[in-house]
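K.L.:
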Amino acid sequence: MKKNETTNSNAEQLDLEAPRGLAKSRSGDSSDREPTKKKKMARVRKRGAETEVLTADALLPKVKAIRKRIEAGELGGIPTDFSDLDDACGGIDGLFILGGKPGVGKSALAIQIGTDAAERSDALCFIHSAEMSATQVVGRILQRYEAERGATPESAERRFEKMAKRLIIIDDPHLSPDDINQRFLTPLRHQTGLKRVLCVFDSVHVLAKYQAGTSPKTKDAIDRFLTSLRRLASTGDTHVIALAHQPKTESAGFYYSESNQFDYLADVTAVLDTSGKSGRVVRIHKNRSGPLVPEIRLRFVGHALSFSEASR
11 MKKNETTNSN
21 AEQLDLEAPR
31 GLAKSRSGDS
41 SDREPTKKKK
51 MARVRKRGAE
61 TEVLTADALL
71 PKVKAIRKRI
81 EAGELGGIPT
91 DFSDLDDACG
101 GIDGLFILGG
111 KPGVGKSALA
121 IQIGTDAAER
131 SDALCFIHSA
141 EMSATQVVGR
151 ILQRYEAERG
161 ATPESAERRF
171 EKMAKRLIII
181 DDPHLSPDDI
191 NQRFLTPLRH
201 QTGLKRVLCV
211 FDSVHVLAKY
221 QAGTSPKTKD
231 AIDRFLTSLR
241 RLASTGDTHV
251 IALAHQPKTE
261 SAGFYYSESN
271 QFDYLADVTA
281 VLDTSGKSGR
291 VVRIHKNRSG
301 PLVPEIRLRF
311 VGHALSFSEA
321 SR
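If you're matching positions, the sequence shown starts at 11 in our numbering and goes up one per residue.
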């Protein structure tokens with residue numbers, strides 16, 4: 011089974027003597043004040059075994075490997091197929107948190123981006139839903155396929171079966187992101203030969219509550235879950251869309267009173283909002299990949315659960 015690629019190298023052991031006078035015993039005993047040179051060196055060797063030390067010779071092969079992956083299109087964000095969003099954020103790159111009020115279409119947009127990536131064979135798609143059962147998620151995907159011009163139920167089913175070779179849907183809310191990576195993502199990478207994964211988590215608030223156990227403190231539960239998403243999004247070529255409920259009483263800004271970790275841990279935070287009858291607007295509030303843009307306009311067809319660019 012393949013392991014996710016890492017940038018770890020063998021640490022070099024450095025025989026360095028610690029400065030004198032840094033370790034003092036409370037008793038003031040001069041014999042305890044300064045360890046022997048042998049003990050100092052043993053301690054430094056132990057630290058060196060746990061620490062990554064990169065010299066110029068060690069860095070050069072890594073640079074070459076990264077360059078090859080860039081040329082092969084294996085690094086960078088996963089395209090969303092919405093040109094304005096891709097131009098602004100470089101696709102889904104790292105941890106992308108999408109907030110919005112109930113019913114605005116957050117799940118539909120995230121599922122569309124994920125399954126389109128799987129259909130293009132750009133990436134594997136993993137959907138972890140605590141809001142819908144796996145059967146409901148499949149039904150939504152088929153509903154979008156069937157609504158496209160010229161499609162039939164049979165053609166939609168064939169299209170789904172082809173795409174589903176690169177798709178996993180889990181509706182067990184008790185599974186943590188770490189469990190998911192070990193039990194599902196790594197084996198699927200090995201099975202398909204694809205390294206890139208786009209994960210959809212629906213939603214932060216509900217999944218955090220289930221994984222926190224009984225009587226969780228909301229802030230602590232959300233903070234821990236966001237930290238686990240950040241860790242997952244930093245693993246190999248794994249990119250994450252995490253959906254967050256925005257209470258109707260809160261403003262259009264990206265603010266969640268339960269936790270300040272949303273902005274801190276995410277690469278991108280954005281809010282999906284309504285604009286007219288069928289219009290939707292994505293407002294980006296944090297973007298590590300580039301400048302903030304006022305708004306990205308999309309069109310949403312509710313009966314088809316489908317998004318398109320407003321200009322199309």
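Glycine residues also receive a C-beta, built at the ideal position from the N, C-alpha and C atoms.
Just so it is clear, the structure is predicted and the values come from calculations on it, not from any experiment.
1. Taking its Cβ as the centre, do 16 or more other Cβ atoms sit within 10 Å of K116, making it buried, or is it exposed?
2. Give me the Cα-Cα distance between L239 and E141, rounded to the nearest whole angstrom.
3. Name the two residues that bound the continuous beta strand (DSSP E) containing S139.
4. Would you kindly check if the distance between the Cβ of D233 and the Cβ of G104 is under 7 Å?
5. Mind checking who V281 pairs with in its DSSP beta bridge?
6. What's the C-alpha gap between K50 and S143?
7. Decide yes or no for the touch test of the stretch 154-171 against the stretch 202-216: beta carbon pairs closer than 8 Å, at least 3 of them.
8. Does the beta-carbon of G87 have 16 or more other beta-carbons within 10 angstroms, so that it is buried, or is it exposed?
9. Could you name the residues of the same chain whose beta carbon sits closer than 7 Å to that of F170, not counting the 5 residues immediately before and after it, in chain order?
10. Is T145 helix, strand or coil when you go by DSSP?
11. From D181 to T65, what does the alpha carbon distance come to, in whole angstroms?
12. Could you give the uninterrupted runs of the beta strand (DSSP E) lying entirely in the stretch 147-187, keeping only those of 3 residues or more?
13. On the premise that I294 lies in contact with A280, defined as a C-beta separation below 8 Å, what is that separation, rounded to the nearest angstrom?
14. Give me whichever residues DSSP pairs with C209 in a beta bridge.
15. What distance in whole Å lies between the Cβ atoms of I306 and D94, which are believed to be in contact at a cut-off of 8 Å?
16. Starting from E129, trace the alpha helix (DSSP H) both ways and give me its first and last residue.
17. Span of the alpha helix (DSSP H) holding R234?
18. Which residues in the same chain have their Cβ closer than 6 Å to the Cβ of S318, if we skip the five residues on either side of it in sequence?
19. What's the gap between the Cα of L302 and the Cα of S316?
20. The beta strand (DSSP E) with R307 in it runs from where to where?
21. Report buried or exposed for T125, applying the criterion of at least 16 other Cβ atoms within 10 angstroms of its Cβ.
22. Can you check which of these residues, K205, L195 and P187, is closest to A222 by C-alpha distance?
23. With H, G and I counted as helix, E and B as strand and the rest as coil, what does DSSP make of S299?
24. Assuming L195 and T248 make a contact with CB atoms under 8 Å, what is their CB distance in whole Å?
25. Tell me which residues share the same chain as T237 and place their Cβ nearer than 8 Å to its Cβ, disregarding the 5 neighbours each side in the sequence.
26. What does a CB cutoff of less than 6 Å around A342 pick up in its chain, not counting 5 residues either side in sequence?
27. Tell me whether F92 sits in a helix, a strand or coil according to DSSP, three-state version.
28. In the DSSP assignment, what are the bridge partners of H255?
29. In terms of residue numbering, what span does the beta strand (DSSP E) encompassing F317 cover?
30. Taking the alpha-carbon of D189 as reference, which of K227, R206, A174 and R241 has the nearest alpha-carbon?
31. Taking buried to mean at least 16 other C-beta atoms within 10 Å of its own C-beta, is S139 buried or exposed?
32. Opposite I102 in the DSSP bridges: which residues?
33. Can you tell me where the alpha helix (DSSP H) with R199 in it begins and where it stops?
34. According to DSSP, is K287 part of a helix, a strand, or is it coil?
P.N.:
On the basis of the supplied data:
1. K116 comes out buried.
2. 18 Å
3. In the DSSP assignment, S139 falls within the unbroken beta strand (DSSP E) covering L134 to S139.
4. no
5. According to DSSP, which records beta bridges pairwise, V281 is partnered with G109 and R293.
6. Low local confidence applies: a pLDDT of 43 at K50 is under 50, so the model's placement there is unreliable, with the coordinate-based value given in what follows. Spanning the two alpha carbons is a distance of roughly 58 Å.
7. Result no; under three Cβ-Cβ pairs closer than 8 Å.
8. buried
9. I151, L152 and Y155
10. In the structure shown, T145 sits in a helix (DSSP, three-state: H, G or I).
11. One C-alpha to the other measures close to 45 Å.
12. 177-180
13. 5 Å
14. F136 and V250
15. 5 Å
16. K116 to E129
17. T228 to A243
18. R309
19. 25 Å
20. Per DSSP, the unbroken beta strand (DSSP E) holding R307 starts and ends at I306 to V311.
21. buried
22. P187
23. Note: S299 maps to coil in three-state DSSP.
24. 7 Å
25. Q271 and L275
26. In the structure displayed, the chain extends from 11 to 322; residue 342 sits before or after that span and is not available.
27. coil
28. In DSSP, H255 forms a bridge with G110.
29. F317 -> beta strand (DSSP E) spans S316 to E319.
30. R241
31. Buried, since its Cβ has 16 or more Cβ neighbours within 10 Å.
32. I88
33. That run of the alpha helix (DSSP H) goes T196 to T202.
34. coil
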